[in-house]
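For reference, the structure discussed in these notes is given below.
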Amino acid sequence: MKTVALVSTVGGAGRTTLTAALAVLLARRSHPVAALDLDPQNMLGAHLGLDAFAAAGLAQAMAGQAPAWQGNTWRNAEGVLFVPHGETTLAERAAYEARLAAQPRWLADALEQIDFPAHGVVLVDAPRFPSQQAEQAIRSADLVLCVTPPEPAACATLARCFPSLREAAGTVKVIVNRLNPAREMQRDALALLRAAVGDALELAHRVHFDAAMPDSLARGGWIFDDVPYSQASHDLHGLANWLDVWLENDANAGADARAGSEPTR
1 MKTVALVSTV GGAGRTTLTA ALAVLLARRS HPVAALDLDP QNMLGAHLGL
51 DAFAAAGLAQ AMAGQAPAWQ GNTWRNAEGV LFVPHGETTL AERAAYEARL
101 AAQPRWLADA LEQIDFPAHG VVLVDAPRFP SQQAEQAIRS ADLVLCVTPP
151 EPAACATLAR CFPSLREAAG TVKVIVNRLN PAREMQRDAL ALLRAAVGDA
201 LELAHRVHFD AAMPDSLARG GWIFDDVPYS QASHDLHGLA NWLDVWLEND
251 ANAGADARAG SEPTR
């Protein structure tokens with residue numbers, strides 16, 4: 001099982017939408033998938049099929065008021081297991097963030113309780129970096145996907161935060177979300193970002209802007225089903241394919257390593 005953390009350095013990057021879409025697309029590719037919501041906005045459940053915001057979830061577990069998974073886990077129609085964040089007050093959030101600071105491996109230890117096969121994946125929707133929740137997600141992740149819109153302020157913020165992000169994480173890739181190549185300002189912002197993050201921007205699949213995306217979400221659907229031949233749908237499938245190959249290669253490498261360690265007869 002591998003863990004992928006999705007983070008951002010600005011709000012409104014589309015990180016939660018991307019987490020939900022990738023969870024569904026990877027489940028359709030026969031991967032066991034769990035999606036965890038560490039963001040106090042508590043929106044991931046709404047994307048994955050809950051009719052109302054979940055009152056309880058990982059927030060209560062992080063505060064020590066409930067087990068990490070028991071009673072908090074849902075499964076949607078696509079077979080994705082997911083755990084919402086849950087509703088909290090500012091005081092409750094401050095309390096669990098203090099607990100996370102004191103237990104830097106809380107999430108990593110909790111993830112060890114998930115019994116997934118080698119080709120399974122956990123997607124963690126983390127709030128804006130830096131934060132205690134984002135640090136927990138990054139610390140537990142095999143791969144960090146940093147989502148950013150191609151806007152000057154967002155790219156400048158990521159460029160400023162990127163050294164700290166890369167120091168905290170193992171492998172970081174930047175996903176440019178809501179790309180509109182017709183906007184010259186976005187091209188300039190991407191040039192700035194490329195100079196700052198280098199090979200982290202080499203992920204071939206960027207997600208283009210599509211006005212159909214919010215319409216699909218409002219209807220409880222997915223853009224790759226509603227508008228399957230759009231550029232954004234192609235981009236999402238491309239990113240899911242990249243992760244699919246990454247997961248399978250890693251699972252096969254692990255199987256080969258275990259086979260090589262077995263004694264011969």
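Note that this note's numbering gives residue 140 to position 140 of the sequence shown, counting from 1, and the numbers run on in steps of one. Note that CB positions come from ideal geometry on N, CA and C, so glycine has one too.
Cross-strand partners of residue i (DSSP beta bridge)
{"i": "ARG75", "result": "LEU81"}
{"i": "HIS208", "result": "LEU179"}
{"i": "CYS155", "result": "Per DSSP, none; premise fails for CYS155."}
{"i": "LEU143", "result": "VAL4"}
{"i": "ASP37", "result": "ASP125"}
{"i": "VAL174", "result": "CYS146"}
Residue i vs residue j beta-carbon contact at 8 Å
{"i": "ARG29", "j": "ALA240", "result": "yes"}
{"i": "PHE82", "j": "LEU44", "result": "yes"}
{"i": "LEU236", "j": "HIS31", "result": "no"}
{"i": "ALA137", "j": "LEU243", "result": "no"}
{"i": "SER8", "j": "ARG194", "result": "no"}
{"i": "HIS208", "j": "LEU179", "result": "yes"}
{"i": "ALA20", "j": "HIS47", "result": "yes"}
{"i": "ALA52", "j": "TYR96", "result": "no"}
{"i": "THR148", "j": "VAL10", "result": "yes"}
Extent of the continuous alpha helix (DSSP H) to which residue i belongs
{"i": "ALA94", "result": "90-102"}
{"i": "VAL197", "result": "184-197"}
{"i": "PHE224", "result": "223-226"}
{"i": "ALA110", "result": "106-111"}
{"i": "MET62", "result": "58-62"}
{"i": "LEU26", "result": "15-28"}
{"i": "ALA46", "result": "44-47"}
Residue i versus residue j: straight-line alpha-carbon distance, rounded
{"i": "ALA118", "j": "ALA34", "result": "13 Å"}
{"i": "ALA126", "j": "PRO84", "result": "12 Å"}
{"i": "LEU36", "j": "ARG166", "result": "22 Å"}
{"i": "LEU203", "j": "ILE175", "result": "Legend: pLDDT at LEU203 = 48, less than 50; position of this residue unreliable, value from coordinates given subsequently. Their Cα atoms are separated by approximately 7 Å."}
{"i": "ALA54", "j": "ALA23", "result": "19 Å"}
{"i": "VAL80", "j": "GLU184", "result": "38 Å"}
{"i": "ALA56", "j": "GLY221", "result": "25 Å"}
{"i": "SER140", "j": "TRP106", "result": "9 Å"}
{"i": "GLY198", "j": "PRO150", "result": "15 Å"}
{"i": "ALA77", "j": "LEU58", "result": "21 Å"}
{"i": "GLY12", "j": "ASP210", "result": "15 Å"}
{"i": "ALA61", "j": "ALA153", "result": "35 Å"}
{"i": "THR89", "j": "PRO67", "result": "20 Å"}
{"i": "LEU158", "j": "ASN177", "result": "13 Å"}
{"i": "TRP74", "j": "ALA182", "result": "41 Å"}
{"i": "MET1", "j": "ASN249", "result": "12 Å"}
{"i": "CYS233", "j": "GLU87", "result": "At residue 233 the sequence reads Ser, which differs from the Cys that was named. Their Cα atoms are separated by approximately 32 Å."}
{"i": "ARG160", "j": "PRO104", "result": "24 Å"}
{"i": "VAL122", "j": "PRO163", "result": "25 Å"}
{"i": "THR264", "j": "ASN252", "result": "Below a pLDDT of 50, predicted positions are generally treated as unreliable, and THR264, at 45, falls in that range; no measurement from the model is reported."}
{"i": "THR17", "j": "ASN72", "result": "21 Å"}
{"i": "ARG219", "j": "GLN41", "result": "20 Å"}
{"i": "ALA94", "j": "THR3", "result": "26 Å"}
{"i": "THR231", "j": "ILE223", "result": "The sequence as given places Gln at residue 231; Thr does not occur at that position. The alpha-carbon atoms of GLN231 and ILE223 are separated by roughly 10 Å."}
{"i": "GLY49", "j": "ALA196", "result": "38 Å"}
{"i": "GLN65", "j": "ALA108", "result": "18 Å"}
{"i": "GLY120", "j": "GLN70", "result": "20 Å"}
{"i": "ALA91", "j": "VAL124", "result": "23 Å"}
beta-carbon residue i near the ligand MN non-hydrogen atom, thresh 7 Å
{"i": "ALA63", "result": "The ligand MN is not part of the structure shown, which contains no ligands of any sort."}
key: Contact between the segment 138-153 and the segment 165-173 (3+ Cβ pairs under 8 Å)   = yes
Cβ pair count under 8 Å reaching 3, the segment 111-119 against the segment 206-216 = no
query = Between the segment 123-143 and the segment 86-102, do three or more beta carbon pairs fall short of 8 Å?
reply = yes
inquiry  = I want to know whether the segment 226-245 touches the segment 182-189 - three or more CB-CB distances under 8 Å.
reply    = No, they do not touch.
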